[in-house]
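Take a look at the structure below.
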Amino acid sequence: MATQSAGSSDFLNNLGRVYGIYTGGFVAFVVLLAVLEQVGVPNKILGYLFVFFTLAVYAIIGVLSRTAQVSEYYVAGRSVPALYNGMATGADWMSAASFVGMAGTLFLLGYDGLAWVLGWTGGFVLVSILIGPYLRKFGAYTVPDFLAFRYGGNFARGLGVIVLVACSFTYVTAQIYGTGLIASRFLGMQFELAVFAGLVGILVCSMLGGMRAVTWTQVAQYIVLIIAYLTPIVILSTKNYGFPIPELTYGQAIADITAREQQMLATGLTTAAALKPHIQPFINYSPLNFFAIIMCMMVGTASLPHILMRYFTTPSVREARQSVAWSLLFIFLLYFSAPAYAAFSKLEVYTNIIGRDLTAIRPWLFNWGELGLIQICGKNAGSIDAIVAACKAIAGHPGVVRLQDFVINTDVIVLSTPEIAGLPYVISGLVAAGGLAAALSTADGLLLAIANALSHDVYYKMIDPNAPTVRRLMIARVLLLIVAVVAAATAATKPGDILAMVGWAFSLAMAGNFPALVMGVWWKRTTATGAVCGIIAGFGLCLFYLVTSRYFPGAGVKYFGMTSLLNPVTGAPVVDIAKAMALPNAMESFPTLAHPLANKVGWFNLTNIACGLLGAPLGFAVIYIVSKLGKEPSAEMQAYVDDIRKPRGRTVLEEKTT
Amino acid sequence: MPNSADLKAREEAHWAKTSRLMFTHLGVWFFFGFVIHMFVKPLNTIVIPVLGFPLGFYMAAQGSLIVFVVMLYLFARQQDKIDREFGFAEED
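Protein sequences, first through last, are from chains H and U.
Okay, so the first sequence: first residue is 10 according to this note's numbering, each after it adds one.
Okay, so the second sequence: first residue is 103 according to this note's numbering, each after it adds one.
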């Protein structure tokens, strides 16, 4: 034991050196692969080298960080310095969807897509000023730990676990799916095999060392993902604008896009109906939904257990606050670059594809066309012949690509940028490694959040409070394995529904956790009954709105007064309710997305992804009213709340750790 | 017990100041997260010199994010200062 802790403090004292060497080593590795490419090593081998080398490094870190101590396993011994915890949180936070999908969303939605950029950054302000540092002072291992202590025991704990699992499980499934997708697209691996490889990658990082191992691999993964994200776009910016900061030069690209949009309209390459001007706000989301999405993503951020628990690992409350600032800085580096990706890609598409003669299209898109990710004239754009044949079939086609002929999958934007810029394959491999790092690190964090809630809250606190350390850690690892395998097995079936549900996580966390956490710290008068009722009411309403509008839209219309959502531009209903309700399948339950009303009905024209906006206010109101009706919490509990508010002193909750 | 009365007073003063800081930051957060983007259309008529961004677009893509990052560093310092003032800060 002594040697292990001496070894770990050596490591903590030399973090800068260790990760400096690691970063240098990674860059040298990329250079080496670039040399190998020049001497003729095939792309496929380079791709495999990228994936296996990075996975091996994560695995080594995971194994070296193994631990037999409970506090190391659950909260990394509360010894992670603010800066490194910030990096780990950055990797924890930025998922496959942020890395691969965000730029594509901005490409498609233009200004309206910035709702996601704002929503996924601004929430950290709430983490720092309202919740995170107070939970650190409290001394919890998990978020349900706090709910149980503050709100009178295991009923509140159970609710916390339900909310946690509801918002984390679909999310982790999507991450494992993401690893499969990236590996299969880039390396030509079979999808199921790639999912399995991802599962192994996740388990070696988390199983032996819990939070401690996940922390140090996430730092390593952050370094890979940010280098991978920024490299292609910095090169592209330097090539096109002679300046290596794309975040500044893409303003010019946006001006060019706007000019080109007018030109395309004037020359008949597009119609006013097909064109969505890049900088024009509120044409994809109504203003209400735009701001509702921002609010739900922000408050959801501040309520997601896998994010909050990262701030349990800092040495002090002060460092927890600093750490939130570092986290957002590291996250900001990626999110403020995503719109640059979108703008450069859009300019390339508008100038070098739209308006081109069909036979003169640049060849980079054929690889993606073959995979069905780019379509021209309604057919996969696999080759010039395929495009020409497809467009000939359209009556009166002018022989040049029009905007309405062109369809692109959002994932392609980031993945294709190296090719658009004419960069060697090694950069594409780097991007794939970055995407994998993003997916793996988020999966690690989520998996740990779920498994810890099950092992610490359900098993140790609710089933067997006398379990010895060895058994607790064993159970924790077994549960981690089970949850991981279930998530991977689910991901391998490519469940469209689950993947679409990821966005729900934010609203569910917001409605279920936010009111109870904030009131628990900021209003001493909050009672256990009030909080429990508030969680049930807020989470319940949010879940009801989601499930009804998605799976029981007929019932929603008939019994709950839901109406059609409105088109943000014209204000007209998106579906004809009367007509849809007359169809024979209108009242079917659990219909597929093919149901004419699924996701298209609701209250107040509010998109169901923003249901937290209904649930959280209700949660606050219920907590307030029920607390006021009940007796005020004991003097002892109020003294505990005072303790949480003061950084000095011991944590409120003292865990048995040996 | 004068000591405990003193502690109580310090706790209350500390929390009053902490709450004020919280509401100030919450106000700034709300302004840059929401209010300013409600004026995106008029702001878009202003173009940032040299860079070429329409201002409304820029605020959502970068401006507000920069404000959030700076705010968080600032908040960490301000809250620490309050904790120290009342003797509730952790030892360095």
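Yeah, the Cβ is synthetic: ideal placement off N, Cα and C, and Gly gets one too.
Which same chain residues, not among the five before or five after residue i, have their C-beta less than 8 Å away from its C-beta?
{"i": "T120/U", "result": "Q181, I184"}
{"i": "P582/H", "result": "T572, S573, L574, L575, N576"}
{"i": "K143/U", "result": "G158"}
{"i": "R221/H", "result": "S74, T76, E81, Y82, A85, G86"}
{"i": "L196/H", "result": "K53, G56, Y57, V60, A203, A441"}
{"i": "H287/H", "result": "G119, Y120, I263, I266, T267, E270, A352, K355"}
{"i": "P656/H", "result": "P142, K146, S325, V326, R327"}
Just the Cα atoms here: how many angstroms apart are residue i and residue j?
{"i": "K401/H", "j": "G408/H", "result": "8 Å"}
{"i": "E113/U", "j": "F188/U", "result": "8 Å"}
{"i": "Y711/H", "j": "T226/H", "result": "Since the displayed chain H opens at 10 and closes at 667, residue 711/H lies outside it and no answer follows."}
{"i": "G154/U", "j": "G565/H", "result": "47 Å"}
{"i": "D652/H", "j": "A157/H", "result": "17 Å"}
{"i": "I191/H", "j": "W531/H", "result": "43 Å"}
{"i": "Y83/H", "j": "L123/H", "result": "35 Å"}
{"i": "F629/H", "j": "M528/H", "result": "8 Å"}
{"i": "P433/H", "j": "A329/H", "result": "42 Å"}
{"i": "F35/H", "j": "L317/H", "result": "30 Å"}
{"i": "V171/U", "j": "L337/H", "result": "6 Å"}
{"i": "T502/H", "j": "Q199/H", "result": "13 Å"}
{"i": "T32/H", "j": "V233/H", "result": "8 Å"}
{"i": "G210/H", "j": "V223/H", "result": "11 Å"}
{"i": "A97/H", "j": "K567/H", "result": "48 Å"}
{"i": "G251/H", "j": "A115/U", "result": "55 Å"}
{"i": "M10/H", "j": "A447/H", "result": "Legend: pLDDT at M10/H = 36, less than 50; position of this residue unreliable, no value from coordinates given."}
{"i": "M306/H", "j": "D420/H", "result": "21 Å"}
{"i": "G658/H", "j": "R319/H", "result": "21 Å"}
{"i": "G539/H", "j": "G454/H", "result": "31 Å"}
{"i": "A15/H", "j": "L21/H", "result": "Unreliable placement is indicated for A15/H, whose pLDDT of 49 sits below 50; the coordinate value is still reported in the next sentence. Going by the C-alpha atoms only, they are around 10 Å apart."}
{"i": "F141/U", "j": "L482/H", "result": "54 Å"}
{"i": "Y649/H", "j": "A237/H", "result": "46 Å"}
{"i": "A458/H", "j": "N614/H", "result": "34 Å"}
{"i": "K533/H", "j": "S137/H", "result": "19 Å"}
{"i": "K470/H", "j": "L208/H", "result": "28 Å"}
{"i": "L109/U", "j": "A452/H", "result": "45 Å"}
So, for residue i: in the same chain, excluding its five sequence neighbours on each side, which residues have a beta-carbon less than 7 Å away from its beta-carbon?
{"i": "L508/H", "result": "A183, Y186"}
{"i": "A625/H", "result": "V308, M519, A520, F523, P524, G547"}
{"i": "N146/U", "result": "P156, L157, G158, F159"}
{"i": "P153/H", "result": "R166, G169, V170, L173, A462, D466"}
{"i": "N23/H", "result": "none"}
{"i": "V435/H", "result": "V39, L42, A43, E46, L55"}
{"i": "W350/H", "result": "Inspection of the sequence shows that residue 350/H is occupied by Tyr rather than by Trp. These residues qualify, in order along the chain: A112, I242, I422, V423, T426."}
{"i": "G161/H", "result": "A537"}
{"i": "E379/H", "result": "N389, G391"}
Between which residues of its own chain and residue i is the CB-CB distance below 6 Å, once the five residues before and five after are set aside?
{"i": "M510/H", "result": "T179"}
{"i": "M111/H", "result": "A347"}
{"i": "H465/H", "result": "Y150, T151"}
{"i": "A514/H", "result": "C176, Y180"}
{"i": "V213/H", "result": "A68, G71"}
{"i": "G86/H", "result": "S80"}
{"i": "G219/H", "result": "Y82"}
{"i": "A460/H", "result": "L488, L489, V492"}
Mind listing the chain A neighbours of residue i? Cutoff is C-beta to C-beta under 7 Å, in chain order.
{"i": "P156/U", "result": "Judged by its chain identifiers, the structure shown contains no chain A, and its protein chains are H and U."}
Report task. Could I get the ranges of all uninterrupted beta strand (DSSP E) runs contained in the stretch 407 to 451 of chain H, with 3 residues as the minimum, in chain order? Result -> Secondary structure remark: continuous beta strand (DSSP E) runs of at least 3 residues inside the stretch 407 to 451 of chain H, in chain order: 415 to 417.
Requested in this report: At 4 residues or longer, and completely inside the stretch 196 to 238 of chain H: list those alpha helix (DSSP H) runs for me, N to C.
Outcome: Given a length threshold of 4 residues, each whole run of the alpha helix (DSSP H) inside the stretch 196 to 238 of chain H is given here in chain order: 200 to 215.
Report task. Note down, in chain order, all residues in the stretch 126 to 138 of chain U with a beta-carbon under 9 Å from any beta-carbon belonging to chain H. Result -> For the stretch 126 to 138 of chain U, residues whose beta-carbon sits nearer than 9 Å to a beta-carbon of chain H comprise H127, L128, V130, W131, F134, G135, F136.
**Report entry** Interfacial residues, the stretch 158 to 187 of chain U to chain H, with Cβ spacing under 8 Å
**Finding:** Answer set for the stretch 158 to 187 of chain U: G158, F159, Y160, A162, A163, Q164, S166, L167, I168, F170, V171, M173, L174, Y175, F177, A178, Q181, D182, D185.
Query raised in the report: What residues from the stretch 512 to 528 of chain H come within 9 Å of chain U, judged by C-beta to C-beta, listed N to C?
Result: Those would be none; no residue qualifies.
Query raised in the report: Can you list, in chain order, the residues of the stretch 316 to 347 of chain H whose Cβ is nearer than 8 Å to any Cβ on chain U?
Result: Interface annotation for the stretch 316 to 347 of chain H against chain U: S325, V326, R327, R330, Q331, V333, A334, L337, L338, F341, Y344, F345, criterion Cβ-Cβ distance under 8 Å.
Requested in this report: Note down, one range per segment and in chain order, each alpha helix (DSSP H) of at least 4 residues found wholly within the stretch 130 to 158 of chain U.
Outcome: Entirely contained in the stretch 130 to 158 of chain U, the alpha helix (DSSP H) runs reaching 4 residues are, in chain order, 142 to 146.
Query raised in the report: Could you give the uninterrupted runs of the alpha helix (DSSP H) lying entirely in the stretch 24 to 77 of chain H, keeping only those of 4 residues or more?
Result: Listed in chain order, the alpha helix (DSSP H) runs fully inside the stretch 24 to 77 of chain H are 24 to 47, 52 to 73, counting runs of at least 4 residues.
Requested in this report: May I ask you to list, following chain order, the residues of the stretch 294 to 318 of chain H that have a beta carbon less than 9 Å from some beta carbon of chain U?
Outcome: Those residues of the stretch 294 to 318 of chain H that come within reach of chain U (Cβ to Cβ, closer than 9 Å) are P296, F299, F300, I303, M304, M307.
Requested in this report: Inspect the CB distances between the stretch 137 to 156 of chain H and the stretch 114 to 122 of chain H and report whether three or more fall short of 8 Å.
Outcome: Contact between the stretch 137 to 156 of chain H and the stretch 114 to 122 of chain H is absent: fewer than three C-beta pairs spanning the two stretches fall below 8 Å.
Report task. Would you check if there are 3 or more beta carbon pairs closer than 8 Å linking the stretch 441 to 455 of chain H to the stretch 364 to 381 of chain H? Result -> The answer is no - the stretch 364 to 381 of chain H does not touch the stretch 441 to 455 of chain H, with fewer than three Cβ pairs under 8 Å.
Report task. Please list the residues of the stretch 104 to 136 of chain H that have a C-beta atom closer than 7 Å to any C-beta atom in chain U, keeping them in chain order. Result -> From the stretch 104 to 136 of chain H, only Y120, L123, V126, L127, T130, G131, F133, V134 have a Cβ closer than 7 Å to chain U.
Query raised in the report: In chain order, which alpha helix (DSSP H) runs of at least 4 residues are fully inside the stretch 549 to 580 of chain H?
Result: Listed in chain order, the alpha helix (DSSP H) elements of length 4 or more contained wholly in the stretch 549 to 580 of chain H are 562 to 569.
Query raised in the report: For the stretch 554 to 561 of chain H against the stretch 606 to 621 of chain H, are there 3 or more C-beta pairs whose distance is under 8 Å?
Result: Cβ pair count under 8 Å is three or more, so yes.
Query raised in the report: Which ranges does the alpha helix (DSSP H) cover as unbroken runs of at least 4 residues, wholly within the stretch 464 to 505 of chain H, from first to last along the chain?
Result: For the stretch 464 to 505 of chain H, whole alpha helix (DSSP H) runs of length 4 or above, ordered along the chain, are 478 to 501.
Query raised in the report: Taking Cβ-Cβ distances below 9 Å as the criterion, which residues of the stretch 19 to 52 of chain H are in contact with chain U?
Result: When C-beta distances to chain U are compared with 9 Å, every residue of the stretch 19 to 52 of chain H stays at or above that value.
Query raised in the report: With a cut-off of 8 Å, do at least 3 Cβ pairs link the stretch 291 to 305 of chain H to the stretch 99 to 111 of chain H?
Result: As far as the Cβ criterion goes, the stretch 291 to 305 of chain H does not touch the stretch 99 to 111 of chain H, which means the pair count is below three.
Query raised in the report: What are the residues of the stretch 257 to 274 of chain H that lie near chain U, defined by any Cβ-Cβ distance shorter than 7 Å?
Result: Within the stretch 257 to 274 of chain H, the residues whose Cβ lies closer than 7 Å to some Cβ of chain U are L257, G260, Q261, I263, A264, listed in chain order.
Query - Residues of the stretch 640 to 660 of chain H with Cβ closer than 9 Å to any Cβ of chain U, in chain order - result: Those would be D651, R654, K655, P656, R657, G658, in chain order.
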